[in-house]
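Report on the following structure.
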Amino acid sequence: MNRIKAFYFCYFGAMAALMPFLVLYYEQIGLSGRQIAVLAALPPLMNLFAAALWNGVADAFNQHKRLQMVAIAGAIGMALLVSQFKGFGQLTGAVALWAIFTAPIMPLADNAALNLLQGRKHLYGRLRLWGAVGWGLMAPISGLLVERFGLSWTFYAYAAILGGGIIAIWRLPLDSVQMGTPFWQGLTSFVRNRAWLIFLLSVFIAGVGSGVINSYLFLYMQSLGASSTLMGIALTVATVSELTVFATSDRLLRWLGVRWLLVLAFGAVIVRMFAYAAISQPVLVLPVQLLHGLTFSAMWV
Numbered sequence: 170m171n172r173i174k175a176f177y178f179c180y181f182g183a184m185a186a187l188m189p190f191l192v193l194y195y196e197q198i199g200l201s202g203r204q205i206a207v208l209a210a211l212p213p214l215m216n217l218f219a220a221a222l223w224n225g226v227a228d229a230f231n232q233h234k235r236l237q238m239v240a241i242a243g244a245i246g247m248a249l250l251v252s253q254f255k256g257f258g259q260l261t262g263a264v265a266l267w268a269i270f271t272a273p274i275m276p277l278a279d280n281a282a283l284n285l286l287q288g289r290k291h292l293y294g295r296l297r298l299w300g301a302v303g304w305g306l307m308a309p310i311s312g313l314l315v316e317r318f319g320l321s322w323t324f325y326a327y328a329a330i331l332g333g334g335i336i337a338i339w340r341l342p343l344d345s346v347q348m349g350t351p352f353w354q355g356l357t358s359f360v361r362n363r364a365w366l367i368f369l370l371s372v373f374i375a376g377v378g379s380g381v382i383n384s385y386l387f388l389y390m391q392s393l394g395a396s397s398t399l400m401g402i403a404l405t406v407a408t409v410s411e412l413t414v415f416a417t418s419d420r421l422l423r424w425l426g427v428r429w430l431l432v433l434a435f436g437a438v439i440v441r442m443f444a445y446a447a448i449s450q451p452v453l454v455l456p457v458q459l460l461h462g463l464t465f466s467a468m469w470v
């Protein structure tokens with residue numbers, strides 16, 4: 170269990186060092202708003218297809234661990250390559266490849282975590298909360314270091330921390346994960362199930378709102394005059410909320426059930442978007458960030 174906790178810690182610590190600051194980096198090197206929007210949209214779009222392909226290959230050849238190592242190494246290499254490019258065309262290719270390598274990392278790790286839990290899958294949130302700890306610890310440190318050393322530092326921090334994830338996951342029993350129905354057979358059954366398609370559409374719509382927040386919050390805060398330190402603090406506040414929901418996820422599921430917990434999460438996304446639009450001072454972002462636990466963690470568990 171400790172290894173999967175360490176992996177979540179490293180992976181989300183690395184993401185906290187890079188992802189929130191990426192759009193600020195794009196703006197700093199002179200990209201237009203339209204170009205930034207294209208680059209911000211690429212990772213979720215590529216993940217949608219790449220994750221399925223990676224997982225299908227992993228299932229077919231039972232090489233989950235080897236593919237996980239290749240994916241992490243590729244993600245590190247592509248992130249460092251992004252830091253060296255300034256042109257939109259070069260960045261488009263590098264960001265697309267980075268997204269492709271990143272796509273299977275979390276699905277494979279989550280499969281390993283659920284396999285370790287076996288009949289106690291409702292306790293998944295207590296493992297996953299270590300990702301929130303990594304994010305929460307790295308977020309304010311990243312803000313301080315960006316303010317002092319510049320945005321290019323974020324790429325090197327991402328590479329170093331995610332490299333620690335390789336060590337953490339090295340001895341996890343990824344190749345022994347029992348996937349049940351073969352991936353492509355399961356996908357066929359999935360697309361024929363109307364209830365699952367409605368659920369997927371609902372999650373997609375909520376994910377669009379969360380994606381806008383994740384991609385553009387720091388640009389919005391910057392337009393309001395926020396410092397990099399305040400941006401890091403905003404991530405920490407969100408993490409406190411995230412940790413709370415993950416730590417109590419098993420009780421929330423018993424109390425509300427899956428359906429009403431999802432309804433609560435979808436409603437929180439709407440409230441959060443309107444709240445951001447209404448503020449005029451960057452410090453007011455902090456209380457709104459407390460909704461992050463519902464908009465993210467409640468949907469994840």
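Just add 169 to wherever you are in the sequence shown, counting from 1, and you've got the working numbering. In this text, a Cβ means the ideal position worked out from N, Cα and C, and glycines have one as well.
- The closest CA to that of A308, considering only F435, V239, L296, T323, is found on T323.
- P309: member of the alpha helix (DSSP H) spanning 293–318, first to last residue.
- Less than 8 Å separates the beta-carbon of L283 from that of Y293.
- Judged by DSSP secondary structure, I205 falls within the alpha helix (DSSP H) whose first and last residues are 202–230.
- Under the 10 Å beta carbon count, S449 is surrounded by fewer than 16 other beta carbons and is classified as exposed.
- Scanning Q287, L250, N216, L388 for the CA closest to the CA of I269 turns up N216.
- In the DSSP assignment, N280 falls within the alpha helix (DSSP H) that extends over 274–286.
- Cα atoms of L193 and L306: separation of roughly 21 Å, rounded to the nearest angstrom.
- A straight-line Cα-Cα distance of about 31 Å links S371 and A263.
- If you look at P456, you'll find it in the alpha helix (DSSP H) that goes 454–458.
- The beta carbon of R295 is closer than 8 Å to those of F415, A416, S418, D419 in its chain, skipping five residues each way along the sequence.
- A straight line joining the alpha-carbon of G300 with that of G246 spans about 22 Å.
- Secondary structure of S379 (DSSP, three-state): helix.
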